[in-house]
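Numbering (full-length UniProt numbering), first residue to last: 1 to 384.
The structure under discussion appears below in the form of structure tokens.
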């Protein structure tokens, strides 16, 4: 083991920064799931396993940096140790990628209810990805004879490797990861379109899941770095010097996926704040429009045209009652509370109803994993 120099400190620093972010995401997710939502599922277990595997990956890469990854290491024995730890780290990061995809798939699985075709559409990409990654790991370790020939540079000329098989499997695994990430980031918009929740909530969830497109960018750059390493023809010292790019993009792919699913699942933590911001923006826009039209409204009142009375008339000429009975509820709602009705309007392809509590609650319950929210009841109590 030696000193971490040249590109090594940059690589180690970036990976440990990613790990610190991952720990913060775990803390937020645990608080949201155990304290706020008070439910815990298999997607949470997969998420935590992925973070632990990312930690192990970071430790292994840090150790490999002490043997020469990221610097011009000329010692053959140190080079062999560096390649061994790199191979182990590639195995670990492949498992981390599997578990983070499982976490996302299980989350999306809750949104599809009983639609069997959508469930298959969510499960099949992950199953294919698991097959490719496990096959890639097996080829990484068992495509050389003897096995140690894969990393032991002191035994060159005393064994052989199936280079074509290694390249094909690395390429298949490298392409399958961004393909699955693009599918999940795009398919989530299709799934939330049919949910019985406010449109604002749909946009928030879809936008959070779209963070997965950042993972696609990381995966593409990782694949480019991998192809460069496969086609590299220099000596081992230069090969190890150029390795940090591949290792960093591996971790970047994992951390962006963790951010994607955490921001989505932790929505109850910032939901009220986001709704408050949106409400303030709407109020500001409405007040500006009202101020511009105040002169026109004043002239109408001066001419004896009572705009409010006309607005409350039905087609038959009768006035709308001042109190409105909500279907399925014993409470009366004052017209001044109409903003509550508007914010909880449930829209679908076949109908548009006010206060569709059963559908809205069931979809919200599926998203959060089993809890039923009561924002509507609290708003009704405030205004009745």
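For each residue, glycine too, the CB sits at the ideal point set by N, CA and C.
Being a predicted model, the structure only gives us computed values, none of them experimental.
Asked: Just curious, the alpha helix (DSSP H) that residue 201 is in, first and last residue?; Found: 199-209
Asked: Does the Cβ of residue 23 have 16 or more other Cβ atoms within 10 Å, making it buried, or fewer, making it exposed?; Found: exposed
Asked: For residue 371, which residues of its own chain have a beta-carbon under 7 angstroms away from its beta-carbon, when the five flanking residues on both sides are left out?; Found: Any reading at residue 371 needs caution, since the residue's pLDDT is 39, under 50, leaving its predicted position unreliable; the model's value is listed next. Answer for residue 371: 37, 38, 39 and 365, listed in chain order.
Asked: Out of 127, 254 and 232, point me to the one whose CA is closest to residue 55's CA.; Found: 254
Asked: Please classify residue 138 as buried or exposed, where buried requires at least 16 neighbouring CB atoms within 10 angstroms.; Found: exposed
Asked: Between which two residues does the alpha helix (DSSP H) containing residue 186 stretch?; Found: 163-193
Asked: What do you get for residue 235, buried or exposed, if any count of 16 or more other CB atoms within 10 angstroms of its CB means buried?; Found: exposed
Asked: Within a Cβ cutoff of 7 angstroms, which residues of the same chain sit near residue 148, ignoring the five residues on either side of it in sequence?; Found: 155
Asked: Could you tell me the distance, in whole angstroms, from the CA atom of residue 77 to the CA atom of residue 239?; Found: 15 angstroms
Asked: Using the Cβ count rule (16 or more neighbours within 10 Å means buried), how would you classify residue 17?; Found: exposed
Asked: Going by CA-CA distance only, name the one from 30, 46, 66 and 29 that's closest to residue 244.; Found: 66
Asked: Assuming residue 4 is part of the alpha helix (DSSP H), what are its boundary residues?; Found: No alpha helix (DSSP H) holds residue 4; DSSP gives it neither H nor E.
Asked: Please classify residue 201: is it buried, with 16 or more other beta-carbons within 10 angstroms of its beta-carbon, or exposed?; Found: buried
Asked: Name the two residues that bound the continuous alpha helix (DSSP H) containing residue 236.; Found: 236-241
Asked: Say whether the segment 166-175 touches the segment 221-228, bearing in mind that this needs 3 or more beta-carbon pairs closer than 8 angstroms, one atom from each stretch.; Found: yes
Asked: Going by the beta-carbon positions, is the gap between residue 249 and residue 288 smaller than 8 angstroms?; Found: no
Asked: Just to confirm, is the Cβ distance from residue 113 to residue 43 under 8 angstroms?; Found: no
Asked: Spatial neighbours of residue 105 within its chain, please: C-beta separation below 6 angstroms, excluding the five flanking residues on both sides.; Found: 122 and 126
Asked: Measure the Cβ-Cβ separation of residue 166 and residue 212 and say whether it is below 8 angstroms.; Found: no
Asked: Does the beta-carbon distance from residue 269 to residue 34 come in below 8 angstroms?; Found: no
Asked: On a Cα-Cα basis, can you pick out the residue from 15, 5, 98 and 118 that is closest to residue 190?; Found: 118
Asked: With residue 57 and residue 97 assumed to form a contact (beta carbons below 8 angstroms), what rounded beta-carbon distance in angstroms separates them?; Found: Not a contact, Cβ separation roughly 10 angstroms.
Asked: Could you tell me if residue 163 is buried or exposed, where buried requires 16 or more neighbouring beta carbons within 10 angstroms of its beta carbon?; Found: exposed
Asked: Nearest CA to the CA of residue 94: which residue from 193, 79 and 52?; Found: 52
Asked: Taking 8 angstroms as the cut-off, decide whether the C-beta atoms of residue 204 and residue 267 are in contact.; Found: yes
Asked: Any heavy atom of the ligand NAD inside 7 angstroms of the beta-carbon of residue 281?; Found: In terms of ligand content, the structure shown is empty, and the ligand NAD therefore cannot be addressed.
Asked: Quick one: Cα of residue 274 to Cα of residue 282, how far?; Found: 12 angstroms
Asked: What did DSSP end up calling residue 136 once you bin it into helix, strand or coil?; Found: helix
Asked: Could you check the C-alpha separation between residue 74 and residue 84 for me, to the nearest Å?; Found: 16 angstroms
Asked: Name the DSSP beta bridge partners of residue 145, please?; Found: 160
Asked: Nearest-angstrom Cα distance between residue 21 and residue 157?; Found: 44 angstroms
Asked: With a threshold of 16 other CB atoms inside 10 Å of the CB of residue 124, please say whether the residue is buried or exposed.; Found: exposed
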